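Quick note on this note's numbering: the sequence shown kicks off at 2 and runs consecutively.
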Amino acid sequence: MSLLSCASLLLTACTVVDLDAEGKPIIPPDPDAKASYSNQTPQQVVAQSWDSKVMASAHSQALDWGGLLEKSRSLTPGKSLSVFVKASGEVTAVNRVSEREQNLAMTINGQPVSVQLGPVVRSNAIRDAAGFNFEEFTNQVQFAQLTKALNRQAVKQLPPVDASWQGKTVEALMAVTVRQDGVQEAVALSLKPEAP
Numbered sequence: 002m003s004l005l006s007c008a009s010l011l012l013t014a015c016t017v018v019d020l021d022a023e024g025k026p027i028i029p030p031d032p033d034a035k036a037s038y039s040n041q042t043p044q045q046v047v048a049q050s051w052d053s054k055v056m057a058s059a060h061s062q063a064l065d066w067g068g069l070l071e072k073s074r075s076l077t078p079g080k081s082l083s084v085f086v087k088a089s090g091e092v093t094a095v096n097r098v099s100e101r102e103q104n105l106a107m108t109i110n111g112q113p114v115s116v117q118l119g120p121v122v123r124s125n126a127i128r129d130a131a132g133f134n135f136e137e138f139t140n141q142v143q144f145a146q147l148t149k150a151l152n153r154q155a156v157k158q159l160p161p162v163d164a165s166w167q168g169k170t171v172e173a174l175m176a177v178t179v180r181q182d183g184v185q186e187a188v189a190l191s192l193k194p195e196a197p
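So, in structure tokens, the structure goes:
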């Protein structure tokens with residue numbers, strides 16, 4: 002085999018790689034690689050997954066209130082679980098906890114429930130109910146930032162809530178964290194007052 006044909010064979014076996022603006026090779030993603038959000042900002046993760054992962058799961062997997070209580074009773078003491086829940090109940094109060102925190106006090110199946118409305122929400126319930134895993138992220142900081150980004154997105158979806166809601170029956174889609182002794186946190190994903 003001539004030197005020219007050897008060189009020709011080597012060149013046909015090579016893959017040409019594009020270079021970025023700094024002259025570094027742009028390596029295409031491995032199609033067999035494990036899914037990862039580590040190279041995305043929390044806002045990008047939320048934009049990409051809000052409808053397909055969060056809301057789709059919330060609508061398809063939401064428990065009713067009785068199912069939630071049954072799940073909570075099956076937990077071992079000290080353990081918690083975050084799930085999506087769809088329930089309706091009467092609004093007993095709209096509370097402004099601070100300048101940045103508001104909640105809706107509801108009675109669902111005779112049980113008082115405080116549903117966080119934001120703008121600041123202190124809960125991992127949405128992230129955990131939607132099934133985001135720590136292993137998909139770079140570190141704990143990025144995982145915590147995702148929680149905040151998801152909570153901000155949830156608050157954006159909500160209608161304005163004021164004192165006129167008191168006494169109304171509201172259908173709520175929520176991410177809820179429960180322990181054996183009951184509901185620890187509830188975050189609203191959607192709220193719809195029922196027609197009188």
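Every residue gets a Cβ at the ideal spot worked out from N, C-alpha and C, and that includes glycine.
Nothing here was measured: the structure is a model prediction, and the numbers come from that model.
Please go through the same chain and pick out, in chain order, the residues whose beta-carbon is closer than 7 Å to the beta-carbon of residue i, but skip the five residues on each side of it.
i	result
K35	Reliability fails at K35, whose pLDDT of 49 lies under 50, so the model's placement of it is uncertain and no value is given.
S73	V179, R180, Q181, G183
F135	F144
A63	F85, V86, K87, L174
S115	N104, A106, A187
E102	V121
Figure out for me which residue from the options has the closest Cα to the Cα of residue i.
i	options	result
A145	R128, P160, V98, K157	R128
P194	P161, P113, V177	P161
L190	Q117, Q44, E91	Q117
A48	T108, V188, Q154	Q154
A196	S89, A94, V46	S89
G68	V55, S83, P78, M56	S83
CB-CB under 8 Å to residue i, same chain, minus the five flanking residues each way: which ones, in chain order?
i	result
S252	Look at the range of the chain in this structure, 2 to 197, and you will see that residue 252 is not part of it.
Measuring straight from C-alpha to C-alpha, what distance separates residue i and residue j?
i	j	result
N1	D65	Residue coverage of the chain in this structure runs from 2 to 197, which leaves residue 1 outside it and unanswerable.
S61	R97	32 Å
S39	S81	26 Å
E91	V122	22 Å
L70	A187	13 Å
K169	T108	11 Å
Q185	P78	13 Å
N110	L151	28 Å
D163	Q41	36 Å
Q44	L147	7 Å
Which residues in the same chain as residue i place their Cβ atom closer than 6 Å to its Cβ, once the five residues preceding and following it in sequence are excluded?
i	result
V171	V92, L192, P194
Could you check if residue i is buried or exposed, using at least 16 other CB atoms within 10 Å of its CB as the buried criterion?
i	result
V177	buried
V142	exposed
Identify the continuous beta strand (DSSP E) that holds residue i and give its terminal residues.
i	result
T178	170-180
K80	K80 -> no beta strand (DSSP E), and no H or E assigned at all.
S115	112-120
S39	That residue, S39, is in no beta strand (DSSP E); it is neither H nor E in DSSP.
K193	183-194
Mind checking which residues open and close the alpha helix (DSSP H) that includes residue i?
i	result
Q143	141-158
S58	57-62
A126	126-130
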